[in-house]
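Data block below; observations after.
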Amino acid sequence: MHRYPRWPIHLMLSFISTLMLIPFVWVLKTSLTGENIFTYPPSILPENPHLFYYVDVWYSIPFFRYLINSVIVSAIVVAANIVLNAMAGYSLSREFAGKKIIIVLFLSCMMVPFQVTIIPAYLITKELGLLNTYLGMALPLCSTIVCIFVFKSSFDAVPKSLIDAARIDGLSDLRIIFRVLVPLSQSAIATNIILAFIWSWNNFLWPLVIIRDQAMQTLPLGLSRFLTVVEDTTGALYAFCIMVLLPGLIIFLLAQKQFIAGLTRGAAKG
Amino acid sequence: MLRSVLYNRYTITFGTIALLAMVWNVYVMVNDDGIVAGRVVASDGSPVENATVVLSEKTLLVTSPRDKTTTDADGRFKFSGHTVYHVYLEAYKNGVGRAPQKDYHLYFRGQNLNLSESLQIEKTQ
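So the protein sequences, as listed, match chains A and B. In the numbering used here, each residue carries its 1-based index in the first sequence increased by 30. In the numbering used here, each residue carries its 1-based index in the second sequence increased by 907.
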């Protein structure tokens, strides 16, 4: 059988990857040099790079305060996602009357954009007394349908006999979830963590609606405030973007193996 | 179990970040006396006594004067206790001239700065 060479595929993939990375590299280069993006000819390597734009960003706005706020909100979202989505995913992996209708309802909720539900979400948060609080910011993201289905597909792969054996041993449903199923679903957990973290870290509209104090603002709001205060500082603006991107990038790089495994689980039969 | 926790990539990554942050903060604590020291010379290289040196803070928006001092017989000046991170220095002496304004970027507020080049006063026309 004739084997085709792999190098054309690798070459094409390398080329496409480079194209995808160009905007990111451009942002990084501009944050180190501050050069005009319309400079011609454009230079690939930064000329006279320095870190002073990062220092400008650190002192121009209360960056550390915004960072702490984002970390707290993201931590609440990630923890809530793992607990609530595991429970929802377990219930969807069991058989019960009306299961198909529930799944269709969940899937149809994914079609509704968040902007449509923002007014009732605000009224509910206000009635709960959670306006201008960390929990109020985290509440809409505490459970996401995509991540519920990630857990569901992970739990579906666990043999039913294992769950039955646990039930015979006297474990309740809650203990079955957290003692038996969750330890076997590391990929699903990693996927939940990454998706929940990225969505909460980059969330702009909801914190903008419910936050009143500047001290409670998160990084995306801080970036918006930075833009309104400082109009023409490309280097500092791009430095801010890098500082906002960095935590999410680190989390993804650490958990990428489990993340990709979690997304592709069940994609191939056998 | 302890070994698996310590050699975990999350522990190593976040532990390294925490360690670097601690080392940096110690360095800042040791070097944030807010000292800016330098020398003012004339165009022929001779020191300029009683020249006025103004230290300003330059932010992304404005430049605001923060302190003022005069040079000694050797043309040397020293500011202490400043809390700026972007220093803007100008020196002048009535009847002699004015040095071109220079800015110096620092890595943190109040970082000590010893100017490697003197501020050279040029005759005003």
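For every residue, glycine included, the Cβ atom is placed at its ideal position computed from N, Cα and C.
A:PRO35 versus A:LEU43 - alpha carbon distance: 14 Å
Beta-carbon contacts of B:GLU964 that lie in its chain and below 6 Å, excluding the five residues immediately before and after: Contacts found: SER971, ARG973, VAL991.
Partner residues on chain A for B:HIS989, Cβ-Cβ distance less than 8 Å: Residues of chain A whose Cβ lies closer than 8 Å to the Cβ of B:HIS989 do not exist; the shortest such Cβ separation is about 14 Å.
Span separating the alpha-carbon of B:GLU956 from that of B:GLN1018: Taking the Cα positions, B:GLU956 is about 26 Å away from B:GLN1018.
Chain B within 8 Å of A:VAL274, Cβ atoms only: no
Environment of A:ASP86 [buried if 16+ CB atoms lie within 10 Å]: buried
Distance, A:ALA291 Cα to A:ALA298 Cα: The pLDDT assigned to A:ALA298 is 47, lower than 50, so where the model puts this residue is not dependable; a value taken from the coordinates is nonetheless given after this. So the alpha carbons of these two residues sit roughly 11 Å apart.
Cβ-based neighbour list, B:ARG1016, same chain, cut-off 6 Å, excluding 5 preceding and 5 following: THR990, TYR992
Minimum Cβ-Cβ distance from B:THR866 to chain A less than 8 Å: Given a span of 908 to 1032 for chain B in the structure shown, any question on residue 866 of chain B remains unanswerable.
DSSP state of A:PHE289 mapped onto helix, strand, coil: helix
Beta-carbon gap between A:GLY278 and A:ILE198 smaller than 8 Å: no
Extent of the continuous beta strand (DSSP E) to which B:PRO972 belongs: Following the DSSP letters along the chain, one finds B:PRO972 inside the beta strand (DSSP E) bounded by residues 970-977.
Within chain A, partners of B:LEU1020 - CB distance below 7 Å: By Cβ distance, chain A contributes nothing, its closest Cβ being about 14 Å from B:LEU1020, past 7 Å.
Closest residue to A:PRO143 among A:ARG209, A:LEU251, A:ASN99, A:ILE175 (Cα-Cα distance): A:ILE175
Buried/exposed call for A:LEU137, threshold 16 Cβ in 10 Å: Exposed, by the Cβ-count rule.
Per DSSP, cross-strand counterpart(s) of B:GLN1027: B:VAL948
Per-residue contacts from B:LEU968 into chain A (C-beta, under 9 Å): SER90, VAL259, VAL260
Reference B:LEU1020; option with closest CA among B:GLY988, B:ALA998, B:SER911, B:LYS1030: B:GLY988
Where the alpha helix (DSSP H) through B:TYR992 begins and ends: DSSP places B:TYR992 in no alpha helix (DSSP H); its state is neither H nor E.
Nearest-angstrom Cα separation, counted from A:ILE193 out to A:ILE224: 27 Å
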